[in-house]
Every structure is written in structure tokens, then in C-alpha cells.
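To keep things clear, I will list the structure first and then write my remarks on it.
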Amino acid sequence: MQSLPLFSCLGGVLFDVLTRKQIVLTIFNFCAALTILGIPWSRSITVLIVLMAGNGLSLGILDTGGNVCCLNLWGKDSGPFYQALHFTFGLGALIAPLIAAPFLGDYESETLEFDLKNSSTIFNNTTIQNRNSSLDTISEIPHVTYAFTIIGGFALFVTVLFLIVCIIAPIDNQGQTTDETQIRKRKLGFILLIVLLNVVLVFVETGTEVGYAQMLATYVVKGPLKLTSTTGSYMTSVFWGAFSVARFVSVFVAIKFSCLQMIIFDVIISLIGALILLFFGASEVWAVWLGTILLGVGIASFFPSAIGWVERYITVTNKIASSFAIGAAFGGMVIPYIISHYIDTIPKVILYVVTMSCVMSTVIVFIMWLILRKKQDKYLKDEGTTNVAFDLKVKE
1 MQSLPLFSCL
11 GGVLFDVLTR
21 KQIVLTIFNF
31 CAALTILGIP
41 WSRSITVLIV
51 LMAGNGLSLG
61 ILDTGGNVCC
71 LNLWGKDSGP
81 FYQALHFTFG
91 LGALIAPLIA
101 APFLGDYESE
111 TLEFDLKNSS
121 TIFNNTTIQN
131 RNSSLDTISE
141 IPHVTYAFTI
151 IGGFALFVTV
161 LFLIVCIIAP
171 IDNQGQTTDE
181 TQIRKRKLGF
191 ILLIVLLNVV
201 LVFVETGTEV
211 GYAQMLATYV
221 VKGPLKLTST
231 TGSYMTSVFW
241 GAFSVARFVS
251 VFVAIKFSCL
261 QMIIFDVIIS
271 LIGALILLFF
281 GASEVWAVWL
291 GTILLGVGIA
301 SFFPSAIGWV
311 ERYITVTNKI
321 ASSFAIGAAF
331 GGMVIPYIIS
341 HYIDTIPKVI
351 LYVVTMSCVM
361 STVIVFIMWL
371 ILRKKQDKYL
381 KDEGTTNVAF
391 DLKVKE
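Just so we're aligned, residue 1 is where the sequence shown starts under the UniProt record's numbering, counting upward by one.
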């Protein structure tokens with residue numbers, strides 16, 4: 001949904017203004033469930049627009065508020081939990097189409113059958129009875145409604161779980177437990193600089209992720225390799241497969257390794273994959289396979305690791321989190337558009353853009369490290385005067 005960045009921004013403002021954030025999450029999760037359940041029952045474009053807007057608003061607020069609440073709740077130990085949160089985003093994106101696919105197929109068959117019967121009446125009046133029967137079938141509940149019902153029902157179930165947690169394990173108005181860790185105060189200029197750099201970083205990384213995944217199949221067909229579209233779809237599946245597996249593994253890796261260590265690993269793997277694609281991706285099929293896998297692995301944990309890294313130095317408020325979401329969303333729109341605009345005439349543009357993006361990410365990470373290397377992390381309790389910009393040792 002293209003309007004989600006706007007709703008994420010609005011969600012950041014609302015969460016910074018409203019208290020009882022746990023209840024707010026529950027309410028908007030309930031609203032998201034209701035809009036999902038109501039969308040297939042829309043009988044006018046106005047109702048559909050209202051429900052879609054309500055769904056976008058609810059999801060935008062949940063996206064921003066959920067990220068911030070996770071960081072606030074777990075604090076300096078949020079690494080694995082934050083990685084798990086983002087793994088579930090990918091898991092949901094994988095499962096939802098699988099749930100919807102069977103029902104979409106049936107719906108399309110019914111529509112086609114109706115169209116054929118409707119057309120046949122022009123040539124043969126004896127089919128009028130069949131057409132009326134088709135009209136009765138189409139007027140019944142469309143099969144696609146069941147997909148919305150399943151997903152909406154699951155959202156209602158999650159709402160119940162949220163409500164139970166609100167009752168048995170309430171948190172304070174800031175979305176934190178009562179055992180609050182003392183933190184250092186930061187100057188506004190420092191916060192703005194780190195936020196700006198991180199917004200650019202997630203813009204580039206998310207744009208690379210979406211742009212490469214969307215345009216990979218087009219490149220292998222129209223590019224110098226001239227492969228089949230089936231091979232292109234397999235390569236795209238391999239990219240998302242490597243991405244999903246790596247994101248799942250990162251949940252456990254984050255228990256032992258710091259966010260900075262994971263970012264360093266990510267930029268190295270991504271850059272290696274991009275260079276393989278740049279130098280060999282136009283002539284060797286194996287290079288495209290290998291580069292695709294490396295990119296999927298390298299990008300997988302980058303976004304949550306980047307947010308977790310800066311969270312060690314600044315307090316990630318809801319407004320700041322919404323700025324990260326907006327940066328990622330615009331990256332997912334702008335970079336794919338640039339690639340798609342030139343790929344018909346210059347197929348190798350995808351290789352150039354991906355490599356440039358990986359180089360930019362490496363440079364931005366290095367600049368941020370230079371800025372943060374002399375800064376102590378924000379946590380005072382139990383952390384002493386550690387500097388996580390230099391903390392490259394495995395956590396004990």
C-alpha cells in the first residue's frame with residue numbers, strides 16, 4: 001500500500017502523544033482485523049476506500065508502535081527479539097499469499113465461467129437459463145471472501161492475545177517495564193545526524209532488496225544471458241528463500257553477536273555478492289545464482305540490525321521509528337522505479353544500481369562508525385562506560 005508511509009508517520013505522532021500504548025496497540029490491531037473482514041463485503045467504492053484507508057492507518061500505527069515497543073521493552077537486550085519481530089514480517093508475507101491463492105483461483109474460474117455463459121446468449125437463447133444460474137452463483141459469497149476471513153480471524157485472535165497481555169503483564173505509559181534502565185541524554189544535533197544517516201541507510205538497503213527481487217527475472221530474460229522466464233522465477237524464489245532462512249538464523253545469531261557485528265557481516269556479504277554480479281553476472285549463469293544467494297543473506301538482517309545499532313546510542317521514539325519506516329518505504333519505491341525505467345534498454349542497470357547501493361551502504365556504515373566510535377552507548381545501568389562502536393567481541 002503506497003499510503004503506508006503516511007500512516008506510519010501519523011502512527012509515530014499518535015504514539016508519542018497518547019498514553020497507555022499497550023491498549024492503543026490492542027485497539028488498532030482490532031481495527032485492522034475488522035477492516036480485513038469488511039473489505040470483501042464492500043458493495044461500493046466509497047466503502048472500500050474507507051475500509052482500505054482504515055486498514056492502512058491501523059497497519060501503519062502497528063508497524064511504528066510495535067517496533068518502538070519492542071525496543072523499549074527489551075532495551076539493550078532487544079537484538080534477538082527485534083530480529084524475531086522482523087522475521088515474522090517476512091513469515092506473514094510468505095504465508096498470506098499461500099492462504100489466498102486457492103481462493104483466488106476459484107474466484108477467477110467462476111468469473112470466467114460467467115463471462116463465457118453470458119457471451120453465449122448472444123448466439124443461443126437456450127443458454128439464458130444457464131446464465132441466470134451463473135448469476136445466482138456469482139451473487140453468492142465469492143470464494144475470495146474466505147481468504148479475507150481467515151486472515152481477519154487470525155488478526156482477531158492476535159487481538160485477544162494482546163488483550164490478555166494487557167491484563168496479566170501491563171507496561172507503563174512509555175511502553176516499558178517498571179525495571180527501567182537509566183540512559184544518557186543526547187544533544188539534538190547528534191540525534192538528528194544519526195537519524196538522517198540511518199534513514200538514508202535503510203532507504204538504500206530496502207530499495208536494493210525490493211528492486212533486485214522485482215527486476216531479477218526481467219534481467220535474466222532480457223539481459224545478455226537470455227535465460228527463460230522460468231529460470232528467472234526460480235532465481236527470484238532462491239533470493240527470497242535465502243533471505244527468509246538468513247533472517248530466521250539471525251534471530252539466534254543476535255543472541256551471541258552485537259548489532260554492529262551483524263551489520264559488518266551484512267555489508268561484506270552484500271558487497272561480495274554485488275561485485276560477483278557486476279563482474280560475472282552478464283556472462284556466467286553461476287554468478288547470478290551465487291550473487292543472488294549472497295545478496296539475500298546479506299540484506300536479510302540488515303534493517304533490524306541497523307535500528308538496533310542506533311538504538312544503543314539514541315532513544316528511538318515513535319517519530320524516529322516512523323522516519324525509518326518512511327525511508328524504507330520510499331527506498332522500496334524509488335530504486336525499483338529507477339531500475340525498471342532503464343532495464344529495457346540497459347539490462348545491466350540492475351547490476352550497476354545494486355553494486356552502487358552496496359558501496360553506498362558500506363560508506364554510510366563506516367561514516368556512522370566514525371561518528372559513534374567516541375560515543376558511549378546510552379545505557380548507564382549494568383553497562384558502565386562501554387563503547388559498542390568498538391565492541392567487536394562476541395557477547396558472553
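Note that the Cβ used here is the ideal one computed from N, Cα and C, for glycine as well. The structure displayed is predicted, hence computed values, not measured ones.
_Alpha carbon of LEU91 to alpha carbon of VAL251, nearest angstrom_ = 13 Å
*asked:* Please give me, in chain order, every unbroken run of the alpha helix (DSSP H) with length at least 4 that falls completely inside the segment 256-286.
replied: You should have 259-280.
*In angstroms with no decimal places, state the Cα-to-Cα distance between residue 402 and PRO224.*
In the structure as shown, the chain begins at 1 and stops at 396. Residue 402 is therefore absent and cannot be evaluated.
_On the DSSP letters alone, give me the boundaries of the alpha helix (DSSP H) that SER44 sits inside._
Per DSSP, SER44 lies in no alpha helix (DSSP H) and is assigned neither H nor E.
*When you compare each of THR149, LEU51, PHE157, ILE191 to THR317 by their alpha carbons, which one comes out closest?*
ILE191
*Same chain, Cβ closer than 7 Å to PHE280, five either side skipped, listed in chain order*: ALA287
_TYR337, DSSP secondary structure in three states_ = helix
_Does HIS86 pass the burial test, meaning 16 or more other C-beta atoms within 10 Å, or should it be called exposed?_
buried
*DSSP three-state call for GLN22: helix, strand or coil?*
helix
*Going by other Cβ atoms of all chains shown within 10 Å of its Cβ, with 16 needed for buried, is ARG312 buried or exposed?*
buried
*Taking PHE81 as the reference, which of SER301, VAL238, GLY56 has the closest Cα?*
SER301
*Just confirm the distance between the C-beta atoms of VAL310 and ILE194, as a whole number of angstroms; I'd bet it's less than 8 Å.*
Yes, VAL310 and ILE194 are in contact; Cβ-Cβ is about 5 Å, under 8 Å.
*asked:* Report the start-end ranges of each alpha helix (DSSP H) in the segment 304-366 that is 4 residues or longer and not cut off at the edges.
replied: DSSP runs (the alpha helix (DSSP H)) wholly in the segment 304-366: 318-342.
*If you draw a straight line from the C-alpha of LEU216 to the C-alpha of ILE141, how long is it?*
Between LEU216 and ILE141, the C-alpha separation is close to 38 Å.
*Comparing alpha-carbon positions, which option in ALA282, THR159, PHE324, ILE99 lies nearest SER305?*
PHE324
*Do you know whose CA, among ILE150, PHE157, LEU98, lies nearest THR26's CA?*
PHE157
_Nearest neighbour of ILE268, chosen from ASN55, ILE299, ILE307 [CA to CA]_ = ILE299
*Roughly how many angstroms separate the alpha carbons of LEU201 and SER361, rounded to a whole number?*
6 Å
*Going along the chain, which residues of its own chain have a beta-carbon closer than 8 Å to the beta-carbon of PRO336, five neighbours each way excluded?*
Correct list, in chain order: GLY207, VAL210, GLY211, GLN214, MET215.
*Roughly how many whole angstroms lie between the Cα atoms of ILE99 and PRO40?*
15 Å
*Would you check if the distance between the CB atom of ILE343 and the CB atom of THR230 is smaller than 9 Å?*
In terms of Cβ geometry, ILE343 and THR230 do not form a close pair [threshold 9 Å].
*asked:* Which residue wins for smallest C-alpha separation from ARG247, given the options LYS256, PHE154, PHE89, LYS187?
replied: PHE89
*Give the straight-line distance between the Cα atoms of LYS319 and ILE61, rounded to the nearest whole angstrom.*
11 Å
*Roughly how many angstroms separate the alpha carbons of SER42 and LEU73, rounded to a whole number?*
Straight-line Cα distance between these residues: approximately 38 Å.
_Boundaries (first-last residue) of the alpha helix (DSSP H) holding THR206_ = 188-222
*If you drop the 5 nearest sequence neighbours on each side, which residues of the same chain put their C-beta closer than 8 Å to that of PHE148?*
Within the same chain, PHE148 has close Cβ partners ILE36, LEU37, ILE39, PRO40.
*To the nearest whole angstrom, what separates the beta carbons of ILE167 and ALA96, a pair I think is in contact under 8 Å?*
With 8 Å as the limit, ILE167 and ALA96 do not qualify as a contact, their Cβ atoms being about 29 Å apart.
*Would you please verify whether the beta carbon of ILE39 is less than 9 Å from any beta carbon of chain D?*
The structure shown contains no chain D; it is built from a single protein chain.
*Boundaries (first-last residue) of the alpha helix (DSSP H) holding LEU161*: Counting along the chain, the alpha helix (DSSP H) containing LEU161 begins and ends at 144-168.
*asked:* Are the CB atoms of VAL253 and GLN83 within a distance shorter than 9 Å?
replied: Closer than 9 Å, so yes.
_Anticipated Cβ contact below 8 Å, LEU275 with THR145, distance rounded_ = The beta carbons of LEU275 and THR145 sit about 49 Å from each other, so the pair does not count as a contact at 8 Å.
_Cβ shell of LEU48 (< 6 Å), same chain only, five flanking positions each side left out_ = SER42
*asked:* Determine whether the beta carbon atoms of SER258 and CYS358 lie at a separation below 9 Å.
replied: no
*Between LYS76, MET333, ASN29, LEU51, which lies nearest to ILE307 when the distance is taken from Cα to Cα?*
The residue with the shortest Cα to Cα distance from ILE307 is LYS76.
*Can you give the Cα-Cα distance for VAL160 and GLY241, rounded to whole angstroms?*
Rounded to the nearest angstrom, the two C-alpha atoms are 32 Å apart.
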